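Numbering (the working numbering), first residue to last: 320 to 566.
By construction, the Cβ of each residue, glycine as well, lies at the ideal position given by its N, Cα and C atoms.
In this text the structure is predicted, and so the values were computed from the model without any measurement.
In structure tokens form, the structure reads like this:
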């Protein structure tokens, strides 16, 4: 990333996020943009979202001025600003000479980002996965879901391991939009088919329409399934992962 836009331009790309802060989040204590960038970069989920932002929004930050925000840039910004560290990047203090221009450029993405981050906004399943992947706990839960639900993806059966991984995933705060996301046809997998398989094999129900399913409905739990907890902590998630590994 440093090679793409240079040290200062890299920092300014982070500074550009500050223009989204006023309307997207409550007032937060401002920190220097370099400090906010480092905090995000060293946190696994946010660091990944930050890299996606730099790549997905390169045309906006470096190319000719545009009146539209590319879809890749929208998705990257939505995921990045869903994290606490990303919110700090939105309100950080900048003083570099390129900061003003960067802010003007990223402003074109403001409407889509603000709307997508609202709690009741339905997003595509690709965006919902990016939001989950930007959070360390949710990303881990999603990885285990993808690992243990392969037979369900193929339409064969929903195993106890798969049910446990779904139970863990749906307790994650940043997985909320996965419960209502819509398939847009651009996923690198058969999204509608997987939704149908999950509904039929794991939840013993049907898909509401061609694109959506109420994933948060109470599933048929396997014997001795863990009781639902209001908050899943890191230690709880680690314990559940260990149980999955030995069952």
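Check whether residue 365 and residue 425 have beta carbons under 8 Å apart: no
Whether residue 441 touches residue 393 by CB criterion (8 Å): no
Member of 509, 357 and 438 whose CA lies at the smallest distance from the CA of residue 405: 357
Inter-residue spacing [alpha-carbon to alpha-carbon] between residue 512 and residue 519: 10 Å
Exposed unless 16 or more other CB atoms sit within 10 angstroms - verdict on residue 402: buried
At least 3 beta-carbon pairs within less than 8 Å: the region 407-415 vs the region 455-474: no
Candidates 398, 480 and 411: closest to residue 447 by CA position: 398
Top-ranked residue by Cα proximity to residue 460, from 499, 480 and 354: 480
Local conformation of residue 431 per DSSP, three classes: helix
Local Cβ density within 10 Å of residue 491, reported as buried at 16 or more and exposed below that: buried
Residue 464 and residue 450 closer than 8 Å at C-beta: no
Range of the contiguous alpha helix (DSSP H) that encloses residue 478: Run containing residue 478: none; DSSP gives neither H nor E here.
Assumed close pair residue 380, residue 421 - CB separation to whole angstroms, cut-off 8 Å: 6 Å
Cβ separation of residue 385 and residue 350, assumed to be a contact under 8 Å, to the nearest whole Å: About 30 Å separates the two Cβ atoms, so there is no contact after all.
Proximity winner among 438, 477, 494 and 407, relative to residue 454 (alpha-carbon distances): 494
Reduced DSSP secondary structure (H/G/I, E/B, other) of residue 514: helix
Residue(s) in a DSSP beta bridge with residue 443: 501
Euclidean distance between Cα positions of residue 370 and residue 410: 19 Å
Minimum C-alpha distance to residue 572 - residue among 445, 391, 362 and 388: Nothing can be reported for residue 572, as the shown portion of the chain is limited to 320 through 566.
Beta-carbon spacing of residue 436, residue 387 below 8 Å: no
Cβ neighbour criterion (16 or more within 10 Å) applied to residue 372: buried
For residue 478, the nearest candidate out of 506, 522 and 452 (CA to CA): 522
Residue environment, residue 509, which counts as buried when at least 16 other CB atoms sit within 10 Å: exposed
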